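Residue 256 in the numbering used here sits at position 256 of the first sequence; the count goes up by one each step and never skips. Even for Gly, the Cβ is constructed at its ideal location relative to N, Cα and C. Only a predicted model underlies this, so the values are computations on that prediction, with no experimental measurement involved.
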Amino acid sequence: MLLSEIVETSRAVTATSSRTAKVEHLAATLRRAAAEDPKRIDVVASYLSGTLPQRRTGVSWRSLGELPPPAEEATLTVADVDASAEELAGTSGSGSGATRRRIVAELFSRATAVEQAWLRAAFVGEARQGAADGVMLQAIAKAGDVPDSAVRRAVMLAGRTGPVAEAALTGGADALGTIELEVGRPLRPMLAASAPDVPAALATMPGEVALETKLDGIRLQAHVDEGAVSLFTRTLEDVTDRLPEVVDVLRRLPVRQAVLDGEVIALDETGRPLPFQVTGARTASSADPERLRAEVPLTPYFFDLLHLDGEDLVDHPLSERWERLAEVTSEGHVAPRLTTADVEQAQRFFDDVVARGHEGVVVKDPQLPYAAGRRGPGWIKVKPRHTLDLVVLAVEWGSGRRKGWLSNIHLGARDAETGGLVMLGKTFKGMTDEMLRWQTERFRELAVGDPEAGWVVELEPEQVVEIAFDGVQRSTRYPGGMALRFARVIRYRDDKPVSEIDTVQTVRALAGW
DNA sequence: TTCCGACAGTGGGGTCGCAAT
DNA sequence: ATTGCGACCCCACTATCGGAA
């Protein structure tokens with residue numbers, strides 16, 4: 001199949017805002033791929049959702065700065081592109097920058113202008129065609145003439161869409177039905193929606209709920225198969241070799257085969273959680289694992305059991321999965337949990353968890369199955385929220401659907417000692433289109449110099465904004481040595497002068513430094 | 001006809017390891 | 001030895017479409 005067919009489909013998908021029309025376009029091209037190039041349906045499916053099947057290629061927008069002149073005619077095939085991407089993935093991180101540049105140059109010189117644009121978006125991961133995983137899933141169902149639910153289930157159990165597309169189009173519902181949970185192969189983790197507080201979370205569920213401690217660490221999916229252990233992150237990256245102490249814990253479990261879901265976290269000597277940055281640095285490092293293990297040991301906590309000794313449990317209710325988990329896991333590797341229908345009791349549990357230094361709680365409906373890969377209503381996370389009144393120091397022009405609007409604001413606090421203003425980070429979150437319109441006008445007025453002159457627009461520090469955030473983290477990027485985690489706008493305030501905004505001393509005290 | 005669940009998009013800070021400087 | 005870059009970790013929030021009520 002020619003790449004130009006993918007590019008043309010992408011153009012059509014981008015051009016319409018109707019999801020059903022997007023699905024039609026994608027399904028038609030998938031069907032053509034099945035007829036012409038059945039061995040590469042998985043690659044075509046990946047391309048149609050604007051991504052490369054290769055996890056990493058070492059190529060990003062910086063390395064695509066200057067491209068060779070485009071080809072006149074569309075001759076590139078999907079197979080050609082896949083071969084190049086495969087070669088790039090194989091040489092990524094192996095000290096062959098010149099080789100990679102040559103592969104990129106050759107590939108792009110064979111592409112037409114529109115194909116170059118598509119390739120760039122695919123490598124950079126910025127397809128922006130209004131169709132990613134979810135819409136693609138519907139297209140696969142349509143093209144294979146199988147139910148959405150069958151595709152969704154297969155994708156969740158297989159972890160990836162490519163092989164599922166291939167099965168759906170070549171073997172239909174029968175082939176999809178053979179895709180099951182496989183011990184050793186990661187599946188998509190179930191995700192949680194969020195609620196502002198405990199009563200709101202409980203209000204979404206009938207009767208008794210389960211409250212679990214939400215640990216501020218790294219999500220971990222663990223597979224045990226006759227003594228062989230594999231560990232995967234939320235995006236299904238294999239991190240087995242990095243976490244030997246976690247492997248040891250799993251080897252000791254009294255199971256032949258199991259798939260567990262949980263979190264790993266670094267604790268201090270008293271069992272209190274260390275900052276997320278400590279756990280994050282440990283799991284990101286592939287240096288000598290035995291040394292790291294001695295320096296920053298990690299503790300796994302499990303909260304779900306998806307398979308046990310030949311039996312899949314994903315469709316069983318949480319209450320039963322939890323019971324089976326408790327039978328095979330020692331007390332030290334299950335975080336505190338409470339089942340209740342009483343709001344006050346739930347609130348006390350939340351307060352206690354937070355007081356002990358944890359991130360919050362996840363409220364779960366005990367009757368529901370494991371909905372892999374979805375941010376379903378079955379799990380609701382609740383975290384404490386802090387707010388500050390800060391000043392807008394500068395603002396950046398937006399991109400994509402925010403093009404032409406002043407979007408991302410730079411946040412400053414007052415330094416009570418020097419009287420100056422100290423930047424604590426940026427945010428673009430929480431803004432409605434109405435707010436974007438308003439702030440684009442407002443910040444044009446406050447601009448120091450020509451607001452159209454550059455990407456970042458410096459402002460007279462006059463506009464006060466109320467900001468919500470999850471916590472304070474150490475920063476080397478900002479002069480105050482700290483930054484706000486997950487900052488988002490609540491509202492602009494005109495009732496408060498800059499002389500009365502919050503101070504860096506307040507923020508430092510909040511962080512406990 | 002209205003409501004609401006699912007989805008895509010728009011980016012935030014921190015960290016590591018490797019290549020280039 | 002230092003810096004730049006790519007990829008990963010954590011993630012909040014709004015707008016929109018289209019099926020459910």
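Item: Inter-residue Cα distance where the pair is S230 and D238; Value: 7 Å
Item: C-alpha distance - A132 paired with A89, whole-angstrom precision; Value: 22 Å
Item: Three-state secondary structure assigned by DSSP to S407; Value: strand
Item: Where R491 falls, given that 16 or more other Cβ within 10 Å makes a residue buried; Value: exposed
Item: Bounding residues of the alpha helix (DSSP H) (the contiguous stretch that carries I501); Value: From DSSP, I501 is part of no alpha helix (DSSP H); its letter is neither H nor E.
Item: Candidates S10, P384 and V135: closest to T20 by CA position; Value: V135
Item: Burial state of W379 (16 or more Cβ within 10 Å); Value: buried
Item: Residue burial classification, R414 (beta-carbon count within 10 angstroms, cutoff 16); Value: buried
Item: contact_flag[the segment 67-75, the segment 135-148] where n(CB pairs < 8 Å) is 3 or more; Value: no
Item: Distance, G471 Cα to V507 Cα; Value: 9 Å
Item: Which residues DSSP lists as bridging A518, in chain order; Value: This structure gives no information on residue 518, because the portion of the chain shown stretches from 1 to 513.
Item: Nearest-angstrom beta carbon gap, E115 and S10 [assumed within contact, 8 Å]; Value: Not a contact, Cβ separation roughly 10 Å.
Item: Best match in V249, V354, A203 and E327 for proximity to R272 [C-alpha to C-alpha]; Value: V354
Item: Contact check, T283 vs F302, beta carbons under 8 Å; Value: no
Item: Bridge partner(s) assigned by DSSP for E458; Value: A394
Item: Whole-angstrom C-beta distance between L446 and L424, which should lie under 8 Å; Value: Not a contact, Cβ separation roughly 19 Å.
Item: C-beta contact flag for F108 and L67 at 8 Å; Value: yes
Item: Check whether P366 and P336 have beta carbons under 8 Å apart; Value: no
Item: Cβ pair count under 8 Å reaching 3, the segment 381-398 against the segment 448-456; Value: yes
Item: Segments assigned alpha helix (DSSP H), at least 4 residues, entirely inside the segment 68-129; Value: 78-91, 97-109 and 113-124
Item: Own chain partners of I140 with C-beta closer than 6 Å, once the 5 adjacent residues on each side are dropped; Value: V151, A165 and A168
Item: Which listed residue (D309, A266, E245 and G310) has its alpha carbon closest to that of P289; Value: E245
Item: Alpha helix (DSSP H) runs wholly inside the segment 213-277, at least 4 long, in chain order; Value: 244-251
Item: Every unbroken beta strand (DSSP E) inside the segment 322-363 [3 residues or more]; Value: 337-340
Item: Proximal residues to S286 (C-beta, below 7 Å), its chain only, five neighbours per side dropped; Value: R242
Item: CB-CB length for V314 against L306, believed under 8 Å; Value: 5 Å
Item: Residues that DSSP places opposite R209 in a beta bridge; Value: Note that residue 209 is Val in the sequence shown, not Arg. Paired residue(s): T340.
Item: Cβ pair L187, M156 closer than 8 Å; Value: yes
Item: Own chain residues within Cβ distance below 6 Å of H223, not counting five before or after; Value: V183, G184, S230 and V259
Item: Cβ pair count under 8 Å reaching 3, the segment 172-183 against the segment 194-209; Value: no
Item: Inter-stretch contact (C-beta, 8 Å, three-pair minimum) for the segment 427-440 and the segment 398-407; Value: yes
Item: Neighbourhood of R321 by C-beta, 8 Å cutoff - its chain only, sequence neighbours within 5 removed; Value: D304, L305, L306, L313 and Y370
Item: Distance between V13 and G162 (C-alpha atoms, nearest Å); Value: 19 Å
Item: Cβ distance (whole Å) where R493 is taken to contact E466 below 8 Å; Value: 6 Å
Item: Whole-Å CB distance - V382 paired with F349, under 8 Å assumed; Value: Between F349 and V382 the Cβ distance is about 11 Å, and since that is not below 8 Å, they are no contact.
Item: Candidates E462, A200, E126 and R31, of which the one nearest S399 by Cα; Value: E126
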